[in-house]
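Engineer: Residue numbers (my numbering): 38 to 185.
Just so it is clear, CB atoms sit at the ideal spot from N, CA and C, and this is done for glycine as well.
So that we are looking at the same thing, I have put the structure below in structure tokens.
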């Protein structure tokens, strides 16, 4: 049996490359305008695109992809900034390192999920049947919890 060659799709390679360029922009002394241009995608687009690609391995319509990319990126920047601030002082370098690291991890997960051949819809689990006595006890338990 011939082993299949796993490749990273071009869009995920571009996301990883631009994220690394953004990380490099924090370490190299650059003019403020150029630094802003290099770091803005790292805050507003790249982590969200990578997380959306990892979450939804099948291609999304462009409008949904844009919405998911912006929403996931902003959530990642906000929550990541809060958690980072709790653990270490939040500097531009720490923030860029956090966003780049999360982006690269999400790119790796997305690449693995896209390369799987068995990507499909996961069926929802069926709801187990409960009898009348269990339903009555459940309602009584809710009543006791509400009364207490």
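Tell me whether residue 175 sits in a helix, a strand or coil according to DSSP, three-state version.
Structural biologist: Of the three classes helix, strand and coil, the one that applies to residue 175 here is helix, per DSSP.
Engineer: Leaving out the 5 sequence neighbours to the left and right, which residues in its chain are closer than 6 Å to residue 136 when beta-carbon positions are compared?
Structural biologist: Excluding residues within five positions, the ones whose Cβ falls inside 6 Å are 79 and 84.
Engineer: Quick one: grab the DSSP three-state call for residue 48.
Structural biologist: Three-state result, residue 48: helix.
Engineer: Report, in whole angstroms, the separation of the C-beta atoms of residue 56 and residue 150, which I expect to be a contact under 8 Å.
Structural biologist: With 8 Å as the limit, residue 56 and residue 150 do not qualify as a contact, their Cβ atoms being about 18 Å apart.
Engineer: So is residue 88 buried or exposed if we call it buried at 16+ other beta carbons inside 10 Å?
Structural biologist: Looking at its Cβ environment, which holds 16 or more other Cβ atoms inside 10 Å, residue 88 is buried.
Engineer: How big is the Cα-Cα spacing for residue 185 and residue 178?
Structural biologist: Distance between the alpha carbons of residue 185 and residue 178 is about 11 Å.
Engineer: Determine the DSSP secondary structure at residue 65, reduced to helix, strand or coil.
Structural biologist: Here residue 65 sits in coil by DSSP.
Engineer: Residue ranges of each alpha helix (DSSP H) run of no fewer than 4 residues wholly in the region 87 to 170, ordered along the chain?
Structural biologist: Fully enclosed alpha helix (DSSP H) runs of 4 or longer: 99 to 124 and 129 to 152.
Engineer: Is residue 94 closer than 9 Å to residue 50 when the C-beta atoms are compared?
Structural biologist: Not closer than 9 Å, so no.
Engineer: Quick check: residue 117 and residue 139, are their CB atoms within less than 9 Å of each other?
Structural biologist: Yes, the pair counts as a contact, with Cβ atoms nearer than the cut-off.
Engineer: Taking the C-alpha atoms as reference points, what is the distance between residue 141 and residue 120?
Structural biologist: Residue 141 and residue 120: Cα-Cα distance of roughly 18 Å.
Engineer: Would you decide whether residue 113 is buried or exposed? Buried here means 16 or more other CB atoms lie within 10 Å of its CB.
Structural biologist: Residue 113 is buried by the Cβ-count criterion.
Engineer: Short of 7 Å in beta carbon distance, which residues of its chain neighbour residue 75, apart from the five on each side in sequence? Order them along the chain.
Structural biologist: Cβ within range, chain order: 58, 59 and 62.
Engineer: Give the straight-line distance between the Cα atoms of residue 132 and residue 111, rounded to the nearest whole angstrom.
Structural biologist: Each residue's Cα considered, the two are about 13 Å apart.
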